[in-house]
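Peer 1:
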Amino acid sequence: DTEVTQTPKHLVMGMTNKKSLKCEQHMGHRAMYWYKQKAKKPPELMFVYSYEKLSINESVPSRFSPECPNSSLLNLHLHALQPEDSALYLCASRLDMGGEQFFGPGTRLTVL
Amino acid sequence: EDQVTQSPEALRLQEGESSSLNCSYTVSGLRGLFWYRQDPGKGPEFLFTLYSAGEEKEKERLKATLTKKESFLHITAPKPEDSATYLCAVHRGAQKLVFGQGTRLTINP
């Protein structure tokens, strides 16, 4: 099973709201990723967790706050977002340091 | 600097008309070249991993090949359901992927 799940599928929020995106995988993968994707552009890396520790933060604004509660779960907490943050947010996981990443279906976020 | 360039940007084919997509890369020490398929509004779907020049992988109507400078995704007798954006990526360091801009493929019935 190469499935990464993400909830919710769609999210609409105002600029003062606080919301969270959730990602889950049960493949025993030890690296998990958050990406942001704008229309007609490739995915853009935001954060990498390796063995439940944050290993890469691509200079993402602090209004995005990642969390890895355990090896199967990854959250992205959102607060005070801007309309330009509207995008498809993708989670991915990988077994370890090598090999392919497997992506979830994404959360379509709209910030009003 | 690691770089991935895909061509063409968009490609329209008739059903059954075979063609190839190109992915040129410059990377210091290739640690894997990856092909993904992405449908609109969905996450990328993993297709192939290639590690060394001369390697080939096949899946249904798709065949991926790798040289020292580029990779090709050959599509044989495509069907409308093959319409999607095809993304190519290489590793940058141990953890990051560098993506190309993608090729938007449309197969007309």
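From first to last, the protein sequence lines stand for chains R and G. Quick note on the numbering used here: the first sequence kicks off at 41 and runs consecutively. Quick note on the numbering used here: the second sequence kicks off at 97 and runs consecutively. Quick reminder that beta carbons are idealized off the backbone N, C-alpha and C, glycines included.
Just the chain R side, please: which residues come within less than 7 Å of Leu183 of chain G by C-beta, in chain order?
Peer 2: The CB of Leu183 of chain G comes closer than 7 Å to the CB of Pro82 in chain R, given here in chain order.
Peer 1: Under the three-state reduction of DSSP, which class applies to Pro109 of chain R: helix, strand or coil?
Peer 2: strand
Peer 1: Between the C-alpha atoms of Gly196 of chain G and Asn97 of chain R, what's the straight-line distance to the nearest angstrom?
Peer 2: Roughly 21 Å between the two C-alpha positions.
Peer 1: Going by DSSP in three states, Glu64 of chain R sits in which element: helix, strand or coil?
Peer 2: Glu64 of chain R falls in the strand class under three-state DSSP.
Peer 1: For Thr45 of chain R versus Gln77 of chain R, is the C-beta spacing smaller than 9 Å?
Peer 2: no
Peer 1: Which word fits Ala79 of chain R, buried or exposed, when buried means at least 16 other C-beta atoms lie within 10 angstroms of its C-beta?
Peer 2: exposed
Peer 1: Just curious, the beta strand (DSSP E) that Ser167 of chain G is in, first and last residue?
Peer 2: 166-171
Peer 1: Sorted by chain position, which residues of the same chain lie with C-beta nearer than 8 Å to Ser60 of chain R's C-beta, five sequence neighbours on each side aside?
Peer 2: Asn115, Leu116, His117, Leu118
Peer 1: Can you say whether Tyr182 of chain G is buried or exposed, counting buried as having 16 or more other CB atoms within 10 angstroms of its CB?
Peer 2: buried
Peer 1: Measuring only the C-alpha atoms, how far is Glu84 of chain R from Phe104 of chain R?
Peer 2: Whole-angstrom Cα-Cα distance: 14 Å.
Peer 1: Bridge partners of Lys159 of chain G, per DSSP?
Peer 2: Lys159 of chain G is bridged by DSSP to G:Glu154, G:His170.
Peer 1: Determine whether the beta carbon atoms of Leu152 of chain R and Tyr129 of chain R lie at a separation below 9 Å.
Peer 2: no
Peer 1: Around the Cβ of Thr147 of chain R, are there at least 16 other Cβ atoms within 10 angstroms (buried) or fewer (exposed)?
Peer 2: buried
Peer 1: So what does DSSP say about Glu124 of chain R, is it helix, strand or coil?
Peer 2: helix
Peer 1: If we ignore side chains and look at the alpha-carbon of each, how far apart do Arg157 of chain G and Gly128 of chain G end up?
Peer 2: 22 Å
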